[in-house]
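Residue numbers (numbering that gives the first Met the number 0), protein chains in the order written: chain A, 0 to 952; chain B, 0 to 103; chain C, 0 to 416; chain D, 0 to 159.
Notes follow once the structure below has been shown.
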Amino acid sequence: MSAFRLPGRGRIDVARPVAFRFDGKAMTGAAGDTLASALLANGVHLVGRSFKYHRPRGLLGAGVEEPNALMGVDRGPGRHTANVRATTIELHDDLTVETQNRWPSLGFDLGAATNLLSPLFPAGFYNKTFMWPRSAWETLYEPAIRRMAGLGKAPHAIDPDRYTARHDFVDLLIVGAGRAGIEAALAASASGERVMLIDEQPELGGKLLANPARWDWLAGALTRLDDAGVVCLSRTTAIGLYHDGFVGAVERLTDHLPPATATGPRERLHRIRAARIVLATGAIERPLVFADNDRPGVMLASAARTYLHRYGVAVGKRVALMVTHDSGYQVAFDLAEAGIGIAAIVDSRPDLDPSLKARASDLGLELIPHAVVIGTHGAKAVTGITLAPLGSRQVRKIACDALLMAGGWTPTVHLWSHGKGKLGWDEALGAFVPEGEMDRVTCTGACAGAIDPGHGVHAEALWSPRDPASFKAFVDLQNDVTARDIRLAVREGFRSIEHIKRYTTNGMATDQGKTSNLNGLQVAAGALGNTAPQVGLTTFRPPYTPTTFGALAGSAKDALFQPTRKTVIDSWAHAQGAVFENVAQWRRARYFPRASEDMDAAVARECRAVRTGVGMFDASTLGKIEVVGPDAAEFLNRMYTNPWKALAPGRCRYGLLLGEDGFIRDDGVAARLADDRFHVTTTTGGAARVLGMMEDYLQTEWPDLDVWLTSTTEQYAVIALQGPRARDVIAPHVEGVDLSPEALPHMAYAEGRICGVPMRLFRVSFTGELGFEVNVPAGHGLAVWEALWAEGQRHGITAYGTETMHVLRAEKGYIIVGQDSDGTLTPDDAGIGWAVGKKKLDFVGRRSLARPDMLLPDRKQLVGLLTDDPHYVLEEGAQIVDVPNAPVPVPMIGHVTSSYHSPTLGRSIALAVVAGGRARIGETLFVPMADKTHRVTVSEPLFYDREGARLDG
Amino acid sequence: MLLIHCPYCDEPRPEIEFGYAGEAHIARPINPDDLSDAEWETYLFVRTNARGRHFERWRHVHGCGRFFNAVRDTVTDTFERTYKAGVARPGEADSWTGDTGGIV
Amino acid sequence: MTRFSAATLLAKAIGHHKGWPAQWPDAAPKPSYDAVIVGAGGHGLGAAYYLAKKHGITNVAVIDKGWLGGGNTGRNTTIIRSNYLYDESAFLYDHAVKLWDGLSQELNYNVMYSKRGVLMLAHNVHDVQSFKRHIHSNRLNGVDNEWLTAEEAQAYCPPLSIDPNARHPVLGAALQRRGGTARHDSVAWGYARGAAALGVDIIQNCAVTGIRRGADGAVEGVETERGFIATRKIGVSAAGNSSVLMDMAGLRFPLESFPLQALVSEPVKPFFPCVVMSNTVHAYMSQSDKGELVIGAGTDAYVSYSQRGALHIVEHTLAAICEIFPVVRRMRMLRNWGGIVDVTPDRSPILGKTPVKGLYVNCGWGTGGFKATPGAADLLAWTIAKDEPHPINAPFNLDRFRSGRLIDEAAAAAVAH
Amino acid sequence: MADALLADEPVVRDGIAIAWTPPAVRYSLRTRVPSGLPRLLASARFADGHALALGPDEWLLILPDGAQPPTIAPLHALTDIGHRNVGLTVAGDRAAALIQCGCALDLSLATFPPGKVTRTLYDGVEIVLWRTGEAEFRIETWRSFAAYLHAALALAADDL
Ligand SMILES: Cc1cc2nc3c(=O)[nH]c(=O)nc-3n(C[C@H](O)[C@H](O)[C@H](O)COP(=O)(O)OP(=O)(O)OC[C@H]3O[C@@H](n4cnc5c(N)ncnc54)[C@H](O)[C@@H]3O)c2cc1C
Ligand SMILES: NC(=O)c1ccc[n+]([C@@H]2O[C@H](COP(=O)([O-])OP(=O)(O)OC[C@H]3O[C@@H](n4cnc5c(N)ncnc54)[C@H](O)[C@@H]3O)[C@@H](O)[C@H]2O)c1
Ligand SMILES: Cc1cc2nc3c(=O)[nH]c(=O)nc-3n(C[C@H](O)[C@H](O)[C@H](O)COP(=O)(O)O)c2cc1C
Ligand SMILES: [Zn+2]
């Protein structure tokens with residue numbers, strides 16, 4: 000057993016040694032140790048280098064407040080975690096850690112040179128320099144600053160671990176399982192309510208774990224809670240308190256296990272909704288601010304007590320204490336009783352509690368009242384301290400190997416503050432405590448300021464006979480913020496504590512100021528000549544301690560990142576080698592390459608097939624809404640620009656939907672199935688939006704209408720058959736519908752059966768050819784598709800994808816909402832003014848069309864473009880100008896919205912929006928690209944079969 | 000995550016089930032043509048955006064599907080009450096006695 | 000004013016840095032000013048600076064209800080870019096980017112403008128079309144913006160995943176090399192120091208509670224927590240609280256204020272070289288010069304002035320970030336906060352005169368006004384000084400909501416920030 | 000049905016069994032005259048199957064495969080959604096705990112007793128959640144979300 004391990008003490012199991020590696024060196028601790036306690040047991044105090052000055056640092060605390068001992072933990076490929084506090088790492092076999100922010104080694108760190116230059120790096124130095132020469136910022140200064148940045152190793156491999164989540168609902172959530180939290184749980188446990196008690200530590204008990212006299216009580220209490228069905232979660236940190244009793248908490252499931260034995264998810268996010276919340280989060284001890292208070296071996300007194308009682312470790316052999324608060328004495332007494340040498344107890348107060356004095360003298364401890372430590376000695380560990388009576392220059396040196404600080408207690412009010420709870424200044428504590436009320440939430444125990452171990456004084460930095468500007472007295476150890484940095488900030492006019500924080504970075508490190516905020520505030524108050532409550536605190540924000548991204552992202556990754564919606568024909572398309580594209584949440588077949596075809600070749604073939612024979616297209620993703628009720632036609636009449644009332648059952652109509660601002664939102668074909676029933680289609684991406692918009696108007700503007708809306712997008716698989724031979728393909732399989740052009744003309748609708756299953760048949764065309772859209776119940780979709788595919792073989796049927804669909808419709812000048820229109824186009828702009836019912840007095844968006852800007856002649860209008868070079872395909876998004884080679888900024892009058900090579904025409908075609916475009920038809924315009932300007936002729940946005948003769952096949 | 004009392008379901012439900020739908024009690028004009036451009040602009044775009052007591056619409060979109068109204072303090076984010084669509088706009092917090100359709 | 004340079008830093012170091020004067024004095028309100036700016040964010044402080052510097056109007060007060068820079072200026076993710084689609088927007092934001100370049104030298108205050116490039120990821124055909132449209136428009140407007148293939152994007156930003164089997168694979172990206180970041184706080188401080196040196200009074204912790212108007216309707220001054228201050232020109236630059244201020248003048252505006260959250264990770268060694276944004280997966284990220292990852296996404300859904308938001312928004316944001324950059328899954332969130340963004344119906348700002356004589360407004364920057372800070376400040380100063388908008392901000396008037404001449408970048412491309 | 004996703008083997012874990020439901024006839028029934036229909040959030044037997052109240056004027060009817068459309072009171076709308084929805088059963092002692100992984104409703108027996116039904120979300124996917132017994136739920140979702148939902152539930156069951 001090592002020299003610092005105290006036999007018979009602690010909650011560790013010395014019989015179970017645990018081997019671990021620290022900076023490559025093999026060491027041994029005991030089961031139940033943290034990395035911190037194991038290092039101390041091995042006599043290691045030097046555990047890291049500070050952020051800015053690379054100063055050697057040791058352990059300050061024993062819990063999550065630890066600012067210095069940040070480790071990189073390596074659990075195998077992809078499992079490196081940076082900045083983990085040694086005080087929270089549970090020792091296990093094969094634990095591998097390394098220290099950070101040092102090179103080449105912890106003992107010899109070249110970065111420490113910055114410490115020598117530190118006079119040049121006061122707070123805010125970077126605002127004042129690195130400005131000249133101007134170009135050097137990018138080439139020299141910023142790269143250099145960035146090289147110095149950061150603490151832990153940057154990530155480079157993908158974390159193979161899983162993360163999971165769940166929702167919890169409780170009547171009472173208690174955060175913190177110290178005495179206060181456990182008592183609150185006990186009090187509630189008989190009520191039959193659902194009670195949950197969570198604590199971040201591996202064991203429940205809080206401070207009680209450092210108090211062997213209470214261990215029996217603790218064990219009994221935990222048994223009673225268990226018997227009463229209280230849900231007790233350890234290793235579970237409440238990261239934030241949100242609205243209406245919502246608490247986020249993260250449970251660490253595997254990090255305490257040897258990597259080889261860890262299975263299952265690494266962490267679990269608990270989304271807890273609680274009717275009532277008790278915050279029993281305890282209090283954190285405050286360090287003291289004096290020269291070189293950052294030397295390894297300078298620690299919090301309470302941490303030494305925790306190491307002693309919980310881990311059976313002595314933090315030193317000859318320990319000095321600097322106290323301003325009574326609670327430090329208990330630590331000294333406990334250490335002394337454990338046989339650890341006490342060098343002295345230095346107390347800044349002149350008048351000490353007689354009982355403490357008596358106890359100290361009983362134990363033979365030297366007590367030096369009304370004095371302060373003014374410096375520490377040693378290189379990488381403290382070897383002694385200098386102290387001086389207050390106001391005197393008569394310094395004295397004392398040798399020691401650890402210095403404990405007892406500066407009073409700061410209630411852990413983070414979660415209370417997340418909930419916007421008010422804080423009041425408690426003069427006796429020298430800290431802020433929860434004040435006033437909060438819905439659902441109360442505080443108890445040390446968190447509420449109920450801290451009993453005596454009293455103390457709280458000051459800014461300890462007095463020193465030296466010029467305080469001449470030495471470093473650290474406030475924020477992790478960010479290397481000194482008292483003089485804070486005073487400098489105040490001197491430079493940063494008077495708000497929020498400014499001081501941001502100028503000095505006090506409290507902004509990974510510990511978020513758990514040990515530094517209050518001291519920083521005190522120093523600032525001193526410099527400002529204000530009281531601490533006048534200066535106030537900075538804002539507490541979640542998370543309470545740093546929280547793994549993965550735990551918050553949860554299972555939402557890869558295939559589960561978001562649903563990929565697939566149609567029932569997707570598996571067929573996949574088997575045919577389709578290339579897919581994402582459209583909204585759907586994946587759609589884009590084209591079906593054969594052999595070595597590229598997209599252009601496949602699309603050309605698919606286009607020709609449709610124009611000359613027949614093509615087959617999966618249109619299932621189109622949104623569908625069934626609009627039902629006696630007022631269905633009236634409702635559509637109000638929503639859409641078109642007139643609907645006169646549409647006869649069995650007929651279809653193209654519908655155009657505007658926003659109330661007059662701009663195109665969506666379009667689609669709707670069929671009237673019966674007097675009181677319409678089958679309305681929407682764009683693939685617009686389905687949910689359109690239904691939501693319709694519901695909004697129906698429920699809140701026209702609740703008197705008897706109409707109901709149901710999404711039927713997924714009720715039907717939609718198979719489009721397009722081309723002169725489309726009828727031939729379906730005819731053998733259709734029952735109950737006369738497919739002749741007379742009985743079922745363009746824009747007609749019929750119901751019947753196909754392949755033996757019910758069918759809704761639309762005679763519509765988005766290609767300009769004879770076309771049918773066959774809607775069948777989705778479960779039959781694949782079978783019907785396959786039957787028609789088989790039938791189609793005799794007609795040379797070809798499956799086509801969205802890309803071919805785009806080309807075919809562009810040849811016909813049909814717009815795609817969201818591509819050719821972009822949320823700034825009116826129906827007239829898009830050349831579909833014909834779809835607006837001229838006699839209608841109102842519909843959604845109509846009034847906006849009369850606004851001044853909507854009537855201007857230079858609005859952008861949809862036109863066609865034909866390039867001079869028929870082989871050149873314009874780039875979609877390319878801009879259009881009327882004056883070539885104008886200087887920058889070049890006035891632009893429009894842009895290309897759709898552009899393809901048209902296999903039918905054997906040349907390129909494009910759709911575009913152009914200012915005053917319709918009046919420019921026949922004009923030459925220019926499309927300037929980076930390398931070349933292309934000449935184009937403006938045309939009608941219709942390139943093929945102007946008369947529409949092909950619609951009938 | 001807010002907890003919102005749906006006046007139709009008559010129980011509190013998590014925020015993620017709801018869609019926020021903007022300021023409440025802005026009725027669509029019966030005859031939009033009668034409005035001047037400025038009045039139409041007001042209807043379309045101008046909002047109270049109150050700091051404090053705010054009348055707003057929500058839809059229980061992933062629940063019962065209904066739009067309803069709420070009074071919420073936008074500084075604290077706490078709901079004073081929610082009420083069914085069509086119920087008149089409540090007055091001051093303490094003087095209002097209308098149909099709550101479920102008080103939060 | 001002490002000039003800042005390496006030499007003065009060295010000189011003061013010898014005196015233990017005791018010789019530094021206040022960067023700006025904490026002013027008490029005078030009874031009257033030639034102009035009063037409400038809101039000491041980057042925009043308001045900058046406007047005061049340019050009023051004094053360019054227009055010779057130095058009897059100016061900037062009044063803030065809290066500490067200067069504590070609004071959105073102090074809580075944003077600091078993305079700077081100008082590759083906007085419409086001419087109006089491109090000119091507005093590029094005016095700002097041109098001013099960012101050289102701002103440190105102009106202010107003698109290092110605002111750490113870092114041209115590390117902004118990469119905007121395209122994940123589907125629609126994104127590609129939309130980004131190309133931006134790139135072509137930007138080129139003709141003299142704004143740099145270029146197309147990268149997925150492989151080029153990954154070469155520019157190595158942590159980026161371009162796995163073709165991802166749920167939203169990266170098909171390419173638009174890169175603006177002049178885009179980047181600046182140190183948010185330093186921007187406010189630099190302008191404050193610059194303005195104060197020119198005689199501007201910076202009055203903090205003094206909420207404006209009313210706007211007084213005379214019989215002719217013109218402004219006469221502002222009521223504040225510290226008394227009435229007379230002035231004939233009021234520039235309101237109060238970001239999330241714009242509606243509240245406009246209400247004081249009897250005006251209702253087309254604005255809604257939403258919570259917008261951001262977060263930072265623990266600091267790690269530099270590995271993330273630029274800014275990356277994805278609108279489809281919906282998140283954006285950069286790494287600050289201190290080493291923390293700075294991350295943001297969309298707003299919470301409802302009107303709020305609480306400067307907080309919900310955890311599920313953060314969950315979505317981080318799921319998105321881990322999807323695009325899977326190597327960061329084990330990184331840890333250090334701090335998460337919220338701001339209040341005021342949003343107009345077309346997501347473009349309102350910068351100009353109001354129907355009230357002597358009242359000027361700069362608002363509606365929504366989730367993306369930090370990048371505009373020097374430009375907006377310069378144009379607000381111009382508008383106040385000349386009582387008419389500069390040609391660059393003229394289109395960003397209030398009338399557009401009546402006439403319908405909206406500047407809707409979002410509708411054109413679903414692009415934020 | 001020829002859907003690949005419906006062919007998946009049931010997921011069985013300690014205290015959990017997840018299985019697809021057999022084909023059924025389903026209608027969305029809308030009416031302002033809800034006589035004989037359950038109140039919002041409740042379910043009741045209806046014809047040969049069940050009526051599930053999803054909104055104040057909205058019921059999901061789940062009837063055995065092959066059932067004819069029911070005849071109902073005047074002024075109503077009946078829309079066939081039999082193929083839009085896909086059903087899953089989640090049964091076992093830990094069924095509620097499993098669904099609680101992705102569902103933000105309190106599924107304790109006191110607040111979500113057998114017979115209760117509502118539309119809600121599971122991991123962002125809209126579902127109808129119907130408690131058919133103390134340890135048994137039926138979940139309905141739209142067809143194209145079913146594969147995702149199934150995978151999410153299966154993964155959550157592994158990690159429970
Ligand atoms: C989380 C977040 C991320 C963002 N990310 C980006 C980004 O990456 N890139 C980008 O370009 N933009 C971003 N933005 C937007 C950007 O922050 C703002 O548009 C910009 O900072 C606004 O600057 P401002 O000076 O107008 O406002 P602010 O800095 O908010 O200043 C307004 C000031 O007005 C004061 N005020 C309000 N009411 C009163 C009153 N009654 N009396 C006196 N004073 C008052 C406030 O206290 C405040 O200080 C983001 C915003 C947020 C919240
Ligand atoms: N002896 C001393 O020096 C000393 C000092 C302070 C308090 N006390 C006494 O101890 C008792 C205090 O007990 P207590 O229960 O208030 O505090 P405690 O410190 O014993 O317990 C608080 C617990 O909450 C945990 N915790 C804090 N924040 C958390 C979060 N966000 N998520 C999960 N866990 C979190 C802590 O790890 C700790 O286990 C009082 O009786 C007090 O007088 C003694
Ligand atoms: C770009 C940027 C970087 C930040 N980096 C840090 C950081 O490293 N540490 C930290 O504690 N806070 C950081 N913050 C957050 C601030 O501490 C603070 O949360 C934010 O300014 C909002 O203020 P509030 O939380 O006081 O309301 C950063 C903020 C921004 C805008
Ligand atoms: Zn509801």
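Yeah, the Cβ is synthetic: ideal placement off N, Cα and C, and Gly gets one too.
Everything numeric in this text was worked out from a predicted model, so none of it was measured.
On the criterion of 16 or more Cβ atoms from any shown chain inside 10 Å, does residue i qualify as buried, or is it exposed?
i	result
A37/A	buried
A342/A	buried
A3/D	The predicted position of A3/D is uncertain, since its pLDDT is 47 and thus under 50; no value can be drawn from it.
D158/A	buried
A65/D	According to the sequence shown, residue 65/D is Gly rather than Ala. Exposed: under 16 other Cβ atoms inside 10 Å.
K11/C	buried
I134/C	buried
I283/A	buried
V103/B	Because the pLDDT of V103/B is 34, which lies under 50, any placement of that residue in the model is unreliable, and the number read from its coordinates should be weighed accordingly. So V103/B counts as buried.
For residue i, which beta-bridge partners are listed by DSSP?
i	result
N361/C	L350/C
Q175/C	V117/C
E167/D	Lying outside 0 to 159, the shown extent of chain D, residue 167/D is not represented and no answer is given.
D162/C	D162/C pairs with nothing; no bridge assigned.
Q99/D	Note: Q99/D sits in no beta bridge, so no partner.
Just reading off the beta strand (DSSP E) that residue i is part of, what are its end residues?
i	result
Y283/C	A282 to Q286
L115/A	First-last for L115/A: A112 to L115, but that is the alpha helix (DSSP H), not the beta strand (DSSP E).
Q860/A	K859 to T866
If you compare alpha carbons, which of the options is closest to residue i?
i	options	result
I373/A	M404/A, K356/A and A359/A	M404/A
A90/D	S143/D, L104/D and A156/D	A156/D
I729/A	R564/A, P388/A and R752/A	R752/A
A16/D	L77/D, I126/D, D92/D and P112/D	D92/D
M437/A	K419/A, A447/A, I450/A and T443/A	K419/A
>> Counting only Cβ-Cβ distances shorter than 8 Å, please list the residues of the region 29 to 59 of chain B near chain A, keeping chain order.
In response: Only those residues of the region 29 to 59 of chain B whose C-beta falls short of 8 Å from the nearest C-beta of chain A are listed: N30, P31, D32, L34, D36, W39, L43, R56 and R58.
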